[in-house]
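**Student:** Got a structure for you, questions after.
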């Protein structure tokens, strides 16, 4: 299975890079994981709604250009469907069984995702109603993907 995480912005924090590297290494026996960073747009503090949409659209164009046509796409969105870890694992397993071996997860920038990206997604998923920094969300997502593969393969995981 090929999994891509497309994310807006560069990861700067060393501790996050180390955590992601560790889970990426662990995932190596289950899938091929690729993390693709697209540049974020400068977003001053006091933006109008129209200016926010323009920024999200520009970031969205960069994201959409990185999604292979046949991929099954999960957009991380706070209003998305919430899964527990076993349900999330079952969803990934079901996709593999159905022949969907290219899965893309998208993490937007600080303003969220454009309507075009949300429309392209097959599913919107959420890891809760809390707001996470999008850079921390990368680590949380990689860990949950790892946990999902542990569950799929019948290995122990912490409940």
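Residue numbers (this note's numbering): 128 to 286.
For every residue, glycine included, the Cβ atom is placed at its ideal position computed from N, Cα and C.
Taking the alpha carbon of residue 237 as the point to measure from, which residue in 167, 219, 210, 173 has its own alpha carbon closest?
**Tutor:** It is 167 whose Cα lies nearest to the Cα of residue 237.
**Student:** Classify residue 276 as helix, strand or coil using the three-state DSSP reduction.
**Tutor:** Correct three-state label for residue 276: helix.
**Student:** At which residues does the alpha helix (DSSP H) containing residue 217 begin and terminate?
**Tutor:** Taken as a continuous stretch (DSSP letters only), the alpha helix (DSSP H) holding residue 217 covers 212–224.
**Student:** Under 8 Å between the Cβ atoms of residue 150 and residue 269?
**Tutor:** The answer is yes: Cβ separation under 8 Å.
**Student:** Following the continuous alpha helix (DSSP H) through residue 188, name the residue where it begins and the one where it ends.
**Tutor:** Unbroken alpha helix (DSSP H) run through residue 188: 176–191.
**Student:** In angstroms, rounded to a whole number, what distance separates the CA positions of residue 72 and residue 154?
**Tutor:** Outside the shown range of the chain (128 to 286) lies residue 72, about which nothing can therefore be said.
**Student:** Rounded to whole angstroms, how far is the Cβ of residue 253 from the Cβ of residue 206, which I believe are closer than 8 Å?
**Tutor:** Contact flag correct, Cβ pair sits at about 7 Å.
**Student:** What is the DSSP secondary structure of residue 246, reduced to helix, strand or coil?
**Tutor:** DSSP places residue 246 in helix when its eight states are reduced to three.
**Student:** Can you list, in chain order, the residues of its chain whose CB lies under 7 Å from that of residue 161, leaving out five sequence neighbours each side?
**Tutor:** Hits under 7 Å: 131.
**Student:** So the beta strand (DSSP E) residue 130 belongs to, where does it begin and stop?
**Tutor:** Here the beta strand (DSSP E) through residue 130 covers 129–135.
**Student:** I need the straight-line Cα distance from residue 177 to residue 183, nearest angstrom please.
**Tutor:** Taking the straight line from one Cα to the other gives about 10 Å.
**Student:** Which stretch, first to last residue, makes up the alpha helix (DSSP H) that contains residue 194?
**Tutor:** Note, residue 194: premise wrong, no alpha helix (DSSP H); not H, not E.
**Student:** For residue 190, which option in 242, 221, 216 has the closest C-alpha, if you only look at C-alpha atoms?
**Tutor:** It is 242 whose Cα lies nearest to the Cα of residue 190.
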